[in-house]
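Only one structure is covered here, and it is reproduced in the block below.
Number of protein chains: 2
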Amino acid sequence: MLSQTAEYALRAVVTLATGRPDPRTAQDIAVESRVPLDYLSKVLNSLARAGIVSGQRGRGGGFQSVRPPAELTVLQVVNAVDPIQRIRTCPLGLKQHGEHLCPLHRKLDDAMLGVEEAFGATTIESLVGKSFCEGSRCDVAA
Amino acid sequence: MLSQTAEYALRAVVTLATGRPDPRTAQDIAVESRVPLDYLSKVLNSLARAGIVSGQRGRGGGFQSVRPPAELTVLQVVNAVDPIQRIRTCPLGLKQHGEHLCPLHRKLDDAMLGVEEAFGATTIESLVGKSFCEGSRCDVAA
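Line by line, the protein sequences give chains P and B. Going by the numbering used here, the first residue of the first sequence is number 30, and it counts up by one from there. Going by the numbering used here, the first residue of the second sequence is number 30, and it counts up by one from there.
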């Protein structure tokens, strides 16, 4: 149910939050996060527009996290590229519903709220370090 | 995060579970559920293949629910047309992960599990009766 774009944005942010805080090229991030470079470039631009990463062109340039991983949540990253769609008004367009939802859409919106709360309570920091584990660190990821 | 197809399937099933159990034409269901007829026809065919509705051609024919609404869950309907994608193996294709997930994908899968559990615990019956409420019933839906 999570879009490919949101998944790739999360991989990019986790990659940037892992290791040294130096700028990293899109190519570097693409290799580590295993995201196609073209797609990743678009995602990084969206993250830059949302103030989550910053990009610097030229020699020594690249992308960096702007916010500390402890202050950045999964929800903020997802909402920067492909916002979770809450159901605010009747999708059937029934005027008499006004701002109320029928039981079906109330239930569906409750599920979205659950996802929103779970993602909002998860910092990027909590995902870092043992994220895309390699070799000996794999047992940590289990 | 719920697809249009899943949303439409739920509306169709709730519509069929509301009112008399006689067969209803796709046109009828389309009007009540406010789903475009072409799209609805495809969704109804998927639901028929999954054994959730049955369709009968010809005079007096139409679509009917196969299972009692008390025994049919939102999860079963959603999974019949656009299954919730759980994360079973590492999406990065890291062989060393085997069947384990890194913290990011574990967290994302936890969220999908939460949705799955919420939908699995919701019967269609619990959504019926005051679903696409009209006029005086609108206050009930609040």
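For every residue, glycine included, the Cβ atom is placed at its ideal position computed from N, Cα and C.
| Query | Result |
| --- | --- |
| Exposed unless 16 or more other CB atoms sit within 10 angstroms - verdict on B:D67 | exposed |
| Cβ of B:E36 within 8 Å of any chain P Cβ | yes |
| Cβ shell of B:R53 (< 7 Å), same chain only, five flanking positions each side left out | L45, G91 and F92 |
| P:E100 burial status per 10 Å Cβ neighbour count (16 or more: buried) | exposed |
| B:L104 versus B:R115 - alpha carbon distance | 13 Å |
| Counterpart residues of B:T47 in DSSP-defined beta bridges | Bridge partners of B:T47: none, in fact. |
| Member of P:Q56, P:S75 and P:G48 whose CA lies at the smallest distance from the CA of P:T34 | P:S75 |
| For B:A109 and P:E61, the rounded distance between their alpha carbons | 36 Å |
| Supposed close pair B:P98, P:S155 - CB separation, criterion 8 Å | Actually they are not in contact, since the Cβ atoms of B:P98 and P:S155 sit about 41 Å apart, beyond 8 Å. |
| P:L69 vs P:A55 beta-carbon contact at 8 Å | yes |
| Minimum C-alpha distance to P:S83 - residue among P:D139, P:D51 and P:A59 | P:D51 |
| Residues of its chain near P:V43, where Cβ-Cβ distance is below 7 Å and the 5 sequence neighbours each way are ignored | I153, L156, V157 and S160 |
| Whether P:M141 touches B:I113 by CB criterion (8 Å) | no |
| B:V95 to P:S32 span [Cα, whole Å] | 33 Å |
| Cβ neighbour criterion (16 or more within 10 Å) applied to P:T102 | buried |
| Assumed close pair B:P120, P:E36 - CB separation to whole angstroms, cut-off 8 Å | 7 Å |
| Those residues which DSSP pairs with B:Q85 across a bridge | B:G91 |
| Residue range of the unbroken alpha helix (DSSP H) whose run includes P:Q56 | A55 to S62 |
| Positions along the region 93-106 of chain B whose CB lies within less than 8 Å of some CB in chain P | V103 |
| Under 9 Å from the C-beta of P:P50: neighbouring residues of chain B | Neighbours of P:P50 on chain B: none; closest Cβ ~19 Å, over 9 Å. |
| Residues bridged to B:T102 [DSSP beta-bridge criterion] | B:T152 |
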